[in-house]
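**Student:**
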Amino acid sequence: DVIGLTTVFGNVTMQVATRNALLMCEIAGRPDVPVAKGSPGPLKGGTPRIYDYNGSDGLGDIHLPPTKAKEIQKSAVEFLVDKVSEYPGEVSVLALGPLTNIALIYGDPDAADVVFTSGANITVVGINISTQVKLTDEDLHELRESKGRYGRLIPDMCKFYVKSDGGYGIFLNDQVGFVALVRPDLFTYKKGVVRVEIKGICEGLTLMDRGLKQSVAMHFTPPSPPPRGG
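Numbering (the working numbering), first residue to last: 1008 to 1237.
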């Protein structure tokens, strides 16, 4: 079950991310899912690094109409603390902001290092894994021609990424992180302590010392795809 969404700066500002979270809940028919605003900038201050991978609106510049939904009054931190207290030992936090790939860790290396050294049970899925999975032109065409509810919306969102990246295919970084949460059996992990370089020429670089806390995904085995048209 999805018990809530929290937002943070990253590919867009925190304000735009909050708007998009509310929009996606509305489009998905889940306006009941609470959305809480998170941090607008890095833990230790400074100007947040915003990455324009998905257009100014974060949705491929398709400029959807504004949502009527509103975020909750609690901050993301308050919301997370409340939910973890309400469901002790049952809550998994899927962090798609500063903790999933190198670009976003670089956005706030101090916060990433605090999380990695907190003693929590953390599973890391880096871009060495997520870049093994792509949406191809064929996939996007099949989505557009499908009768699925989001068949046209997703390809439209992807147009900006395809044009700006210049490469072939669309990396599914966030989606792979979600798959690792619900299907960990598809991944091979190694245990170790992960630290983040917080200053200097290697700022944002993650380092792993094997043998202690975190599980780090090292290999992904995709499941057999369903038959085309099935």
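In this text, a Cβ means the ideal position worked out from N, Cα and C, and glycines have one as well.
Taking only three categories from DSSP, how would you classify residue 1035?
**Tutor:** It is coil, neither helix nor strand.
**Student:** If you drop the 5 nearest sequence neighbours on each side, which residues of the same chain put their C-beta closer than 8 Å to that of residue 1042?
**Tutor:** The answer, listed in chain order, is 1011, 1012, 1013, 1014, 1025, 1028, 1029, 1032, 1076, 1078 and 1079.
**Student:** Given residue 1228, which residues of its chain have a CB within under 7 Å of its CB, disregarding the five upstream and five downstream residues?
**Tutor:** Counting only Cβ-Cβ distances below 7 Å, and skipping sequence neighbours, we find 1193.
**Student:** Please report how far the alpha carbon of residue 1009 lies from the alpha carbon of residue 1088, in whole angstroms.
**Tutor:** Residue 1009 and residue 1088: Cα-Cα distance of roughly 16 Å.
**Student:** Check for me: the alpha helix (DSSP H) holding residue 1250 runs from which residue to which?
**Tutor:** No statement about residue 1250 is possible, as the shown extent of the chain runs from 1008 to 1237 and does not include it.
**Student:** Do residue 1103 and residue 1188 have their CB atoms nearer than 8 Å?
**Tutor:** No; because the gap between Cβ atoms is not below 8 Å, this pair is not in contact.
**Student:** So, for residue 1323: in the same chain, excluding its five sequence neighbours on each side, which residues have a beta-carbon less than 6 Å away from its beta-carbon?
**Tutor:** No answer is possible for residue 1323: the residues shown for the chain start at 1008 and end at 1237.
**Student:** If we call anything under 8 Å between Cβ atoms a contact, is residue 1130 one with residue 1202?
**Tutor:** Cβ atoms of residue 1130 and residue 1202: not closer than 8 Å.
**Student:** Just to check my reading of the structure: residue 1000 and residue 1036 have Cβ atoms closer than 8 Å, yes? What is that Cβ distance to the nearest angstrom?
**Tutor:** The shown model of the chain, from 1008 to 1237, leaves out residue 1000, and the question about it has no answer.
**Student:** Quick one, which of 1230, 1136, 1155 and 1209 has its alpha-carbon nearest residue 1184's?
**Tutor:** Among 1230, 1136, 1155 and 1209, the Cα nearest to that of residue 1184 is on 1136.
**Student:** Here's the rule I'm using: 16 or more other beta-carbon atoms within 10 Å means buried, otherwise exposed. How should residue 1119 be labelled?
**Tutor:** So residue 1119 ends up on the buried side.
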